[in-house]
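S.K.: The numbering of the sequence shown is my numbering, which starts it at 8 and goes up by one. Backbone N, C-alpha and C fix where the C-beta goes; we use that ideal spot for every residue, glycine too. Mind having a look at this structure? Questions to follow.
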Amino acid sequence: MMIVVIVFCTGNLNWFLFFQGFLISAVGLILDSNLKNLSKIEIIEKLALFGALIGLLVFIGVLGAEISICSLRKRWKRIEKNYIRYFPPPYGTSCAWVFGCTPRIALPPVLILSWMYIFFNSDRLLLFST
8 MMIVVIVFCT
18 GNLNWFLFFQ
28 GFLISAVGLI
38 LDSNLKNLSK
48 IEIIEKLALF
58 GALIGLLVFI
68 GVLGAEISIC
78 SLRKRWKRIE
88 KNYIRYFPPP
98 YGTSCAWVFG
108 CTPRIALPPV
118 LILSWMYIFF
128 NSDRLLLFST
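Structure follows, in structure tokens:
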């Protein structure tokens with residue numbers, strides 16, 4: 008169960024970052040295009056909202072996976088006395104666990120904030136693109 012949850016987190020994060028890269032590239036292409044400024048602003052705002060929505064959905068999925076991992080850790084703590092000599096704990100040390108969880112939990116909110124910044128400042132982006 009633990010391996011499935013970690014693969015879920017990692018797989019979702021890989022697709023999430025891949026998709027965000029496409030959206031960021033699309034914003035760059037739109038800024039460089041020959042469209043009117045009003046059209047550019049509308050398209051960029053829609054891309055920013057879409058990117059933030061995808062970020063929110065992935066963040067909810069990652070939090071769900073983290074909650075599942077925490078419940079498995081609690082369960083293991085209750086029964087590890089009986090199985091500690093046969094099986095290693097299904098998680099790393101607490102320090103390694105924190106460092107491993109940080110990117111999964113921190114990346115979606117950082118990108119959501121980035122998309123919100125782009126959404127609210129899309130007219131300023133046009134100043135820098137010309």
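#1: Touching or not, the region 46–59 and the region 121–130, by the rule of three or more beta carbon pairs under 8 Å?
#2: Taking all protein chains shown into account, do 16 or more other C-beta atoms lie within 10 angstroms of the C-beta of G28, making it buried, or fewer, making it exposed?
#3: Is L36 near K47, with beta carbons less than 8 Å apart?
#4: Going by C-alpha to C-alpha distance, which of I119, S129, D130 sits closest to L64?
#5: Counting only runs that start and end within the region 37–119, where is the alpha helix (DSSP H) found for 4 or more residues in a row?
#6: Would the beta-carbon of F66 fall within 8 Å of that of P116?
#7: Would DSSP call N128 helix, strand or coil?
M.R.: The answer reads as follows:
#1: yes
#2: exposed
#3: no
#4: I119
#5: 44–90
#6: yes
#7: coil
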